[in-house]
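Same order as they appear, the protein sequences are chains A and B. The first sequence begins at -19 in this note's numbering and counts up one residue at a time. The second sequence begins at 86 in this note's numbering and counts up one residue at a time.
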Amino acid sequence: MRHWLGVGAYLLVVLLTSCSSTTLIQPIKRGQWAVGANLGGPMISFKDAPVPVPLSGIMVARGYADSITVFSRLHITSAVFGVAHVEAGLVKEWKAPAKWRPGFSTAPSLHFMIDTWEGRASLYPQLDLNTYCFVGSGRGAKPPDLLHAGMCNWFELRGSGAEGRTQRRHVLPAFHVGYTLARPKWNYTIETKWIAPFTSNEKLVVDYISPSRQGALGLYLSANRLF
Amino acid sequence: MRPSATAIRHLLPVLLAVVALLQACRLDDELFNPERIDAYLLDAYPDERELDDLPTQDYAVPPHLIHPFTYTSYAEGEQATIYAFYLGNVDSIGVDTVIMYCHGNRGHMDYYWNRAKLLTHIGGAFRYGVLMIDYRGFGMSTGSPSEEGLYADVAGGLSWLHEHGLTEDRLVMYGYSLGSAPATKLTAEPRGMRPKKLILEAPFANAEVMVQDATGLALPGSYFTSLEINNAEEIRSVHAPFCWIHGIDDDFLNIDTHGEVVYANHPGPMKEAHRIAGAQHNDVPKAMGYGTYATMLADFIRRP
């Protein structure tokens, strides 16, 4: 039984983007633009029902080269709670997928947050490692769908936390699997993540849903429009 | 092809406006979990309540020792009518020791009724008087819950006790969970009587600890709440003897990150810790055994 259900739910809402969807798996073409939105978050038990926390954001990306795309994202749910949170980074494709060979990309980014109440700022580096393969071959202008998996890592730079306690955890990993339905001008992604799979989810104000007593499962949807 | 410049020009102000309008959401109100009711049912309350297996006969309180009353409390310009129960003989408050019980954030006094009854049996039946109130917005108390409201409403209850003859040398403050905030605050910074002793059960340290426990990151508490409740700091100013009780298996307010910090920060020297094996957040007396719990509290209260 949770006495402070509301607290837990809202903490999750603003668990910020250690739990948001993967921004881009594969670069877009050089000179191309993409604008997108994402919705979804970690699963929690709210009034005994499993619900994904509605984290949301809007993203804009630009193909800098055929193998490099730069992007930026504004996190809307954080803003709702008075925390300006922007993310900027790039996705670099190291190996393009071929017929039976998966592709590989990395996506380093930086998260900057500052609250409008006390002006306290935070900076979190993130590094995504993605592998992906095409599903089908596409037809005409329609590109093939994409099946992807990978690992996302958030890095905590602070050495200490509340009440001067030592911050022992400096890497917060998450594993993800997703599927992107590709259309000529749009793509739609559904993705699931296991966030912080090596961290206990017990004795917290939050009821995380997870396959074990570690971390939380997340469910995400996103849509991108290509220009 | 670039996105339409016109579209971007139109979209950007709309987004900024939405963000500006919505950014007032805060965690603050979610700290409270009140339930409004039309009447207090006490023993007849049919729904789930704390310590629901408390033996009815062993801990009964006769009607003539149940004294309901109301008083007016002011906080941040809001006037509220606070509902309260004094369990004991009102006429002997001038000589009795009284426990001011500050309940948790759940519902209302009916939910905590069994706890109040249990406290009346510490050190023998009706050895100590017990005052319990519903903070503003809880139960039948009017107004909206707020941090300052917690302090003002509990201070109002203490004023009522003082008016009926209580002196501070016979006042014991007891705070459970959310109630640890007013209990600690009013012991550290009295607004009238200074409590002689302080008991905290499953206290929380502060919002920042809660946030960092839940996220795994060292995020500032100000990202989520404007509440300034900080038992971990307030307790440093408490010089009254201190009894801390916490379930080792507390699945809500972690004993290590919350309770241990509060206990460690009390300057002492008169303090005692009770880490209860097998107890979670809301079943410490049950896990200890009601008799053991009562004896432990009686020993603390009686100790010079």
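Glycine included, C-beta positions come from ideal geometry on N, C-alpha and C.
Residue i to residue j span [Cα, whole Å]
i: residue 37(A); j: residue 164(B); result: 41 Å
i: residue 162(A); j: residue 149(A); result: 37 Å
i: residue 167(B); j: residue 290(B); result: 27 Å
i: residue 353(B); j: residue 249(B); result: 31 Å
i: residue 148(B); j: residue 186(B); result: 19 Å
i: residue 357(B); j: residue 190(B); result: 25 Å
i: residue 106(B); j: residue 44(A); result: Residue placement at residue 106(B) cannot be trusted, given a pLDDT of 48 that sits under 50; what the coordinates show is reported in the next sentence. Each residue's alpha carbon lies about 34 Å from the other.
i: residue 126(B); j: residue 172(B); result: 15 Å
i: residue 206(A); j: residue 190(A); result: 34 Å
i: residue -7(A); j: residue 188(A); result: Because residue -7(A) carries a pLDDT of 44, less than 50, the predicted location of this residue cannot be relied on, and no value is offered for it.
i: residue 201(A); j: residue 343(B); result: 36 Å
i: residue 201(B); j: residue 304(B); result: 38 Å
i: residue -4(A); j: residue 155(A); result: Here residue -4(A) scores only 45 on pLDDT, less than 50, and its place in the model should not be relied on; the value that follows carries that caveat. Between residue -4(A) and residue 155(A), the C-alpha separation is close to 17 Å.
i: residue 275(B); j: residue 317(B); result: 17 Å
i: residue 349(B); j: residue 386(B); result: 21 Å
i: residue 159(A); j: residue 113(A); result: 10 Å
i: residue 119(B); j: residue 258(B); result: 22 Å
i: residue 63(A); j: residue 246(B); result: 44 Å
i: residue 254(B); j: residue 280(B); result: 7 Å
i: residue 17(A); j: residue 171(A); result: 14 Å
i: residue 181(B); j: residue 188(B); result: 21 Å
i: residue 326(B); j: residue 273(B); result: 12 Å
i: residue 40(A); j: residue 108(A); result: 18 Å
Chain-ordered chain A contacts of residue i [CB-CB under 9 Å]
i: residue 291(B); result: 142 and 143
i: residue 294(B); result: 141, 142, 143 and 145
Within-8 Å CB hit, residue i to chain A
i: residue 146(B); result: no
i: residue 302(B); result: yes
i: residue 142(B); result: no
Spatially closest choice to residue i from the options, by CA coordinates
i: residue 302(B); options: 138(A), 67(A), 119(A) and 91(A); result: 138(A)
i: residue 217(B); options: 233(B), 209(B), 183(B) and 293(B); result: 183(B)
i: residue 157(B); options: 228(B), 192(B) and 366(B); result: 228(B)
i: residue 136(A); options: 115(A), 159(A) and 106(A); result: 106(A)
i: residue 264(B); options: 333(B), 387(B) and 194(B); result: 194(B)
i: residue 252(B); options: 366(B), 240(B), 327(B) and 178(B); result: 178(B)
i: residue 230(B); options: 278(B), 161(B), 209(B) and 205(B); result: 161(B)
i: residue 319(B); options: 267(B), 299(B), 368(B) and 121(B); result: 267(B)
i: residue 67(A); options: 46(A), 56(A) and 114(A); result: 56(A)
i: residue 285(B); options: 247(B), 351(B), 224(B) and 310(B); result: 351(B)
i: residue 328(B); options: 292(B), 372(B), 282(B) and 298(B); result: 282(B)
i: residue 80(A); options: 127(A), 179(A), 92(A) and 145(A); result: 127(A)
i: residue 331(B); options: 369(B), 309(B), 322(B) and 296(B); result: 369(B)
i: residue 46(A); options: 74(A), 134(A) and 94(A); result: 74(A)
i: residue 192(A); options: 181(A), 141(A) and 5(A); result: 181(A)
i: residue 5(A); options: 167(A), 20(A), 120(A) and 58(A); result: 167(A)
i: residue 173(A); options: 100(A), 65(A), 131(A) and 141(A); result: 131(A)
Cross-chain neighbours of residue i in chain B, by beta carbon under 7 Å
i: residue 97(A); result: 307 and 311
i: residue 138(A); result: 303
Under 8 Å by beta carbon: chain A residues contacting residue i
i: residue 234(B); result: What residue 234(B) touches in chain A: nothing, since even the nearest Cβ is about 17 Å away.
Closer than 8 Å to chain B by CB, residue i
i: residue 160(A); result: no
i: residue 67(A); result: no
i: residue 19(A); result: no
i: residue 152(A); result: yes
i: residue 73(A); result: no
i: residue 53(A); result: no
i: residue 149(A); result: yes
Residue-chain proximity (residue i, chain D), Cβ-Cβ < 8 Å
i: residue 222(B); result: No chain D is part of this structure, whose protein chains are labelled A and B.
Check: residue i C-beta below 7 Å from any heavy atom of the ligand MG
i: residue 179(A); result: With respect to the ligand MG, the structure shown offers nothing to examine, as it has no ligands at all.
Beta carbons nearer than 8 Å to chain B: which residues of the region 100 to 115 of chain A have them?
Listed by position, the residues of the region 100 to 115 of chain A near chain B (Cβ gap below 8 Å) are 100, 102 and 104.
Could you list the residues in the region 314 to 337 of chain B with a C-beta less than 8 Å from some C-beta on chain A, going in chain order?
Across the region 314 to 337 of chain B, CB contacts with chain A closer than 8 Å involve 317, 334, 335, 336 and 337, in sequence order along the chain.
Using a Cβ cut-off of 7 Å, which residues of the region 159 to 189 of chain B contact any Cβ in chain A, in chain order?
Within the region 159 to 189 of chain B, the residues whose Cβ lies closer than 7 Å to some Cβ of chain A are 189, listed in chain order.
Given a limit of 7 Å on CB to CB distance, which residues of the region 343 to 357 of chain B reach chain A?
Against chain A - using a Cβ distance shorter than 7 Å - the residues of the region 343 to 357 of chain B are 346.
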